[in-house]
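Taking it in order: structure first as C-alpha coordinates, then the write-up.
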(Lines of atoms letter the chains of each structure in order from A and count residues from 1; the text may use other names and numbers.)
(Lines give C-alpha, C1' and ligand atoms only; values in the text may rest on other atoms or scores of the structure.)
Protein backbone atom coordinates (compact mmCIF):
# COMPACT_ATOMS: atom_id res chain seq x y z
CA UNK A 1 0.00 0.00 0.00
CA UNK A 2 1.35 3.43 -0.97
CA UNK A 3 1.14 6.33 1.45
CA UNK A 4 -0.38 9.65 0.23
CA UNK A 5 1.52 12.62 -1.18
CA UNK A 6 4.28 14.01 0.97
CA UNK A 7 5.56 17.50 0.15
CA UNK A 8 8.60 19.07 1.78
CA UNK A 9 9.44 22.77 1.50
CA UNK A 10 12.95 23.75 2.55
CA UNK A 11 14.85 27.01 2.88
CA UNK A 12 18.52 26.39 2.17
CA UNK A 13 20.05 27.79 5.35
CA UNK A 14 17.46 26.32 7.72
CA UNK A 15 17.37 22.59 7.13
CA UNK A 16 20.02 21.24 4.78
CA UNK A 17 21.38 18.40 6.88
CA UNK A 18 18.09 17.30 8.49
CA UNK A 19 16.38 17.10 5.10
CA UNK A 20 19.25 15.14 3.57
CA UNK A 21 19.10 12.71 6.50
CA UNK A 22 15.33 12.37 6.13
CA UNK A 23 15.67 11.56 2.42
CA UNK A 24 18.65 9.21 2.68
CA UNK A 25 18.08 7.27 5.93
CA UNK A 26 16.10 4.06 6.09
CA UNK A 27 12.86 3.88 8.12
CA UNK A 28 14.64 2.25 11.04
CA UNK A 29 16.75 5.41 11.37
CA UNK A 30 13.93 7.93 10.83
CA UNK A 31 14.04 8.09 7.04
CA UNK A 32 11.12 9.01 4.80
CA UNK A 33 11.29 5.94 2.50
CA UNK A 34 9.96 7.88 -0.47
CA UNK A 35 9.80 4.77 -2.64
CA UNK A 36 6.94 3.49 -0.44
CA UNK A 37 4.90 6.67 -0.86
CA UNK A 38 2.58 7.63 -3.68
CA UNK A 39 4.42 10.88 -4.35
CA UNK A 40 7.13 12.85 -2.57
CA UNK A 41 8.10 16.35 -3.69
CA UNK A 42 10.92 18.41 -2.28
CA UNK A 43 10.49 22.13 -2.96
CA UNK A 44 14.05 23.25 -2.40
CA UNK A 45 14.61 27.00 -2.18
CA UNK A 46 17.76 29.07 -2.57
CA UNK A 47 18.76 32.44 -4.04
CA UNK A 48 20.19 30.77 -7.13
CA UNK A 49 21.60 27.41 -8.26
CA UNK A 50 25.14 28.34 -7.21
CA UNK A 51 23.99 28.68 -3.58
CA UNK A 52 21.99 25.44 -3.57
CA UNK A 53 23.63 22.63 -1.61
CA UNK A 54 23.40 18.94 -2.49
CA UNK A 55 22.70 19.41 -6.22
CA UNK A 56 24.98 16.40 -6.69
CA UNK A 57 22.42 14.32 -4.72
CA UNK A 58 19.34 15.27 -6.78
CA UNK A 59 19.62 12.29 -9.17
CA UNK A 60 19.97 9.83 -6.28
CA UNK A 61 16.98 11.39 -4.49
CA UNK A 62 14.89 11.19 -7.66
CA UNK A 63 15.92 7.55 -8.11
CA UNK A 64 14.62 6.90 -4.58
CA UNK A 65 11.20 8.37 -5.44
CA UNK A 66 11.63 12.06 -4.57
CA UNK A 67 10.72 14.73 -7.14
CA UNK A 68 13.09 17.65 -6.56
CA UNK A 69 11.62 21.06 -7.45
CA UNK A 70 14.24 23.82 -7.25
CA UNK A 71 12.77 27.21 -6.29
CA UNK A 72 14.90 30.33 -6.78
CA UNK A 73 14.36 33.76 -5.24
CA UNK A 74 16.62 35.48 -7.78
CA UNK A 75 15.15 35.80 -11.30
CA UNK A 76 18.59 35.55 -12.87
CA UNK A 77 18.72 31.93 -11.69
CA UNK A 78 16.06 31.06 -14.26
CA UNK A 79 18.13 32.35 -17.20
CA UNK A 80 15.16 34.26 -18.57
CA UNK A 81 15.61 37.20 -20.93
CA UNK A 82 15.01 40.64 -19.39
CA UNK A 83 11.44 41.96 -19.62
CA UNK A 84 11.65 45.20 -21.60
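Residue numbers (my numbering): 3 to 86.
Here a beta-carbon is modelled for each residue, glycine too, at the ideal position from N, C-alpha and C.
Go ahead and pull the three-state DSSP assignment for residue i.
{"i": "residue 74", "result": "strand"}
{"i": "residue 24", "result": "helix"}
{"i": "residue 19", "result": "helix"}
{"i": "residue 86", "result": "Low confidence applies to residue 86: its pLDDT is 46, below 50, so where it sits in the model is not reliable enough to give any reading."}
Could you spell out where the alpha helix (DSSP H) holding residue i opens and where it closes?
{"i": "residue 65", "result": "60-65"}
Who are the near neighbours of residue i in its chain, counting only those whose CB is closer than 6 Å to its CB and skipping five residues on each side?
{"i": "residue 88", "result": "Residue 88 is absent from the structure shown; the chain starts at 3 and stops at 86."}
{"i": "residue 79", "result": "Any reading at residue 79 must be qualified, since the residue scores a pLDDT of 49, below 50, and its modelled position is unreliable; the value itself is stated next. Closer than 6 Å at the Cβ level, and outside the excluded window around residue 79, lie 50, 51."}
Let me make sure I understand the geometry here. Which of the options has the alpha-carbon closest to that of residue i?
{"i": "residue 33", "options": "23, 66, 70, 40", "result": "23"}
Less than 8 Å between the CB atoms is what I'm expecting for residue i and residue j, so what's the real figure, rounded?
{"i": "residue 70", "j": "residue 64", "result": "6 Å"}
{"i": "residue 37", "j": "residue 66", "result": "6 Å"}
What are the boundary residues of the beta strand (DSSP E) that residue i is part of?
{"i": "residue 32", "result": "Where residue 32 is concerned, there is no enclosing beta strand (DSSP E), given that its DSSP letter is neither H nor E."}
{"i": "residue 48", "result": "42-48"}
Going by beta carbon distance, what residues of the same chain come within less than 7 Å of residue i, once the five residues before and after it are set aside?
{"i": "residue 27", "result": "33"}
{"i": "residue 68", "result": "25, 36, 42, 44"}
Any Cβ of chain D within less than 9 Å of the Cβ of residue i?
{"i": "residue 36", "result": "Protein chains in the displayed structure number just one, and chain D is not present."}
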